[in-house]
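In my numbering, the protein residues as written are 439 to 1391.
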């Protein structure tokens, strides 16, 4: 009952007024009509349930055959009832009430009637007609039915909860009511249950006492506890998705009685008879834990509910709280109860159309023309409009305009040269559908006025018997106007051509006004509506008596292949002979091995070809053949090339060394490991008096040394070097420093020379001299002799402190001395050291051990054996003691037994011996995997071997 009805005193009702339920015995639901709008009541045959929802003023009665009665408006003066019917409030709105057997929803008008004064007689007549309508409905045994359309309905409130733990009254809604304008899709925006920018429905998903009302984003107060009739389980149905004992303590959740573990049960529902527009339902774990919902509440027992899934053939009515599971979907969570429907499901609601198809955008002069195709589905309601969206970048479109039900639109509010991006959506009465594909176009100014065409290309003159045949190719540009003619020019000497004739838009001509043996020179020009263009290349030919029959051309000459980035460019020269017939094509052959070429392309009469889409670093081999009207000639020479990536700046120079001199520093370095694919042209020298602070000092040519003479003795200078190619400058080298000083003397003698003998080697080690003489040591010189003080120069090495001499003979004593060398010269020699190289001693005696087999499988109560073999190595001779140990990989209570026989083995030099390992089990031995380790010991020598034993039942 509305707020307006609550305030009406009961004494205003007349004794003869129609009471609620007065016509129930005839199948009519009657009620007082307290508002200036009637309520339509849906009735489903065979059901005691009547679900009413507020509609536009009107009354719908469903029967199969079409019948329609219109009741005109009632005014204030016509309020007096006839046959006991009284209107208790002012009724000043015209009401057109349609009674239809067709079952089609009927709209009503509600325009204010300016002609308020009415005769009482007219009122009585109108009310009498109304009574006849009610009587007619009673006769047909039908009840008023709510109109159903594709739009969202107004919810019926006050339905009781089927779950005793829910105290809220339910609103009767549809899935479309919950999904809102996004139906059949899922979106927060557009639903009546959205209450802010990020959430909707009840504010706390796991609440044990969800609120009975919420305030939505528009400020309206409504119930989130709803009842949805006529649905079926959809997709995966109701199943367990998270079995655990988890609950949300802050929401009042607790362990399920007896500390049992229950599961979150989820499924999907869909309006019966539809194929899209689903909602998720979920039985909450906290409700399970609290005992609110589960085996003790049959109305929401998920096991029973799961039995009702039958591909939409069973209709269910469900209750639960609306909740937005952001950012994904709407759901009933907690889902509180369900039951089998007592009435057939409602017809499927209409939905917005699908996306328009194949949107195309075409740029013009200061305009873009859009064309598209209608959506594959209009959602069950005719398309009324299309919305045009435009943006300045991909995926940035905003609404530009709305057009009617047309499939084209021209956007003239554009600027030439700017790219525009478009999408289109279709609109019907339920709302706007999804957007189309994105299309873009760039409007441009009209092209410039046409000009004469460019010159024809590749003019070829071929002499025949008393004739010359000309062929050419059309110009690269027709100047913006179609070519209409070609002009043929001929002369008796080079560059003397005059107009011979004008032909149509063809690319060949035969000149028959010639004399055999005379050479003729030709040029051709193209003509369009603007005028004549420049002439082609000059070609000449000498007609002669009929030549012998033509043959294929000879091989193309001087084929060359040049590698590029993922491509190879081929160039060649025409064959020495075209075989008497003009060359029309060239065939390109390619392979990755020499001689393995196969055909990859046939091109026109041109002398170059770029082969793209290749793999850098792979060598490709090519041949080319020429083709004329007779056929293909022999192939050219073979040429190969390796495509490479584009050149980059070179790498860093390597091993930069700075050597100080007297008021000079000399730099040396090695070239970069890579020049980046382009030759190095220069090096740049960077210098500073602090480490890491180098700035450009000089740019030099492609050399690997540089002397810096603008230095001061005693100051330390830091250097870096970079390499430069045509691509650019590469990274700098390592940093090197030097301190120029006055001229220095030779270094002192190396110290602590030690010679260590090896097998045919002598290794020398020493320490640097106590003084380098004021100049860095650059080398050491090695002196050797076979007698003391008889050393002569053996080798000169770098600035290292060790040297291995491998050119020695075992048993011979060698004597050594070492001297240091710097920029000033060689210093004195070191102390003398000697060594006698000799072969290494033989390996010590040893023995080996093995087990065969290395694994056993034994049933309990039986035994198995493995042979333990011992072998003398390196002359070993002696007695070897044997022992065992056993381990289990799991929980083992009773182990098998392991024994060796014998427990010691005596080996002679080079001999062998064996012992037998016996593994025995009893019926009490624990089945499992055991590892038996056999340890063999002789003196300080110990070796082990393992045997894996699998004990089975």
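Glycine is no exception: its CB is placed at the ideal position from the N, C-alpha and C atoms.
With a cutoff of 9 Å on beta-carbon distance, residue 773 and residue 719 are scored as near each other. With a minimum length of 3 residues, the unbroken runs of beta strand (DSSP E) contained wholly in the segment 1262–1296 fall at 1263–1267, 1271–1273 and 1284–1290. In the DSSP assignment, residue 1038 falls within the unbroken beta strand (DSSP E) covering 1036–1041. For secondary structure counted as the alpha helix (DSSP H) over 4 or more consecutive residues, the segment 945–988 holds no complete run. By the Cβ criterion, the segment 1221–1230 is not in contact with the segment 1178–1193, since fewer than three pairs of Cβ atoms, one from each stretch, lie closer than 8 Å. Taking 9 Å as the cut-off, the Cβ atoms of residue 899 and residue 960 count as close.
Between the alpha carbons of residue 971 and residue 861 lies a gap of roughly 45 Å. C-alpha of residue 889 to C-alpha of residue 1076: approximately 45 Å in a straight line. The alpha-carbon of residue 1351 is positioned some 20 Å away from that of residue 1370. Counting other Cβ atoms within 10 Å of its Cβ, residue 1168 reaches 16 or more and is therefore classed as buried. Taken in chain order, the unbroken stretches of beta strand (DSSP E) that lie wholly in the segment 1301–1362 and span 3 residues or more are 1301–1311, 1316–1326, 1335–1339, 1342–1345 and 1350–1358. Pairing residue 1258 with residue 1210 gives a Cβ-Cβ distance under 9 Å. The beta-carbon distance between residue 1354 and residue 1305, rounded to whole angstroms, is 6 Å. This is short enough to meet the 8 Å contact definition.
A distance below 9 Å separates the beta carbons of residue 1198 and residue 1275.
The Cβ atoms of residue 880 and residue 830 lie no closer than 9 Å to each other.
Residue 671: member of the beta strand (DSSP E) spanning 663–671, first to last residue. In the displayed model, residue 756 falls within a strand according to three-state DSSP. Within its own chain, the residues whose Cβ lies closer than 6 Å to the Cβ of residue 1336, once the five positions on either side in sequence are excluded, are 1322, 1324, 1357 and 1370, listed in chain order.
Here residue 1066 is bridged, per DSSP, to 1021.
Per DSSP, residue 1045 lies in no alpha helix (DSSP H) and is assigned neither H nor E.
Boundaries of the beta strand (DSSP E) around residue 921: 921–929. In this structure, DSSP gives residue 1139 a state outside helix and strand, which the three-state scheme calls coil.
A contact between stretches requires three or more CB pairs, one per stretch, nearer than 8 Å, and the segment 1020–1028 meets this requirement with the segment 1059–1076. Straight through space, the alpha carbons of residue 664 and residue 619 are spaced by roughly 18 Å. Contact check for residue 799 and residue 808: beta-carbon distance about 6 Å, within the 8 Å limit, so the pair qualifies. The alpha-carbon separation between residue 852 and residue 859 amounts to approximately 11 Å. With respect to the 9 Å criterion, residue 878 and residue 805 are not classified as neighbours on the basis of their beta carbons. Here DSSP, grouped into helix, strand and coil, assigns residue 865 to strand.
Note that the C-beta distance between residue 655 and residue 661 is not below 9 Å. Each of 789, 777 and 600 was checked against the Cα of residue 715, and the nearest Cα belongs to 789.
Residue 806 carries a strand assignment under DSSP once its states are collapsed to helix, strand and coil. Listed in chain order, the non-local C-beta contacts of residue 1178 below 8 Å within the same chain comprise 1098, 1099, 1100, 1101, 1102, 1103, 1149, 1150, 1151, 1152, 1153 and 1155, local neighbours out to five positions each way being set aside.
As the crow flies, the alpha-carbon of residue 1086 is around 29 Å from that of residue 1145.
For residue 995, the enclosing beta strand (DSSP E) begins and ends at 995–1001. Following the DSSP letters along the chain, one finds residue 615 inside the alpha helix (DSSP H) bounded by residues 613–617. Annotation: the segment 1140–1220 contains the following complete segments of the beta strand (DSSP E) (minimum length 3 residues), in chain order: 1143–1146, 1155–1163, 1167–1170, 1174–1176, 1189–1195 and 1200–1205.
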